[in-house]
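Each remark here refers to the structure printed beneath this line.
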Amino acid sequence: MVVLLLVLIAALFAVGFLHSIWWVAAAVLVYAVAHHGRDRGGGRSHSGGSDPVDYRDYRDYRDRRDRQDRWDRRYSRQNRARWKRQDRRDHEHRR
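The numbering of the sequence shown is my numbering, which starts it at 16 and goes up by one.
This is the structure:
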């Protein structure tokens, strides 16, 4: 597919010497291919290809991690003083 696009772009560029509208067509095709590649995530990843499943897995992991962090911050800060009071009361009642 990529080879076919490169051949088409080269052919349009070569025909552009006859009429300059073909250079415009080649430029539009190059722009469309580059723009389409960016929309799909751009380039290749280190693993040899872009895998949307990997991204979805990481996004799910990141969302779970963020929810857990929010939960930990909320309940460790808000309730720390209350827990200390309850602990003091419990210790006082045991004596």
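Every residue gets a Cβ at the ideal spot worked out from N, C-alpha and C, and that includes glycine.
Contact check for L21 against A41 fails: the beta carbons are separated by 9 Å or more.
For F28, the enclosing alpha helix (DSSP H) stretches over residues V17 to V30. The alpha-carbon separation between S91 and D102 amounts to approximately 15 Å. Here L44 is not near L19, since their CB atoms are 9 Å or more apart. For the pair Y70 and R100, the Cα-to-Cα distance works out to about 45 Å. If you draw a straight line from the Cα of R85 to the Cα of R104, it is about 29 Å long.
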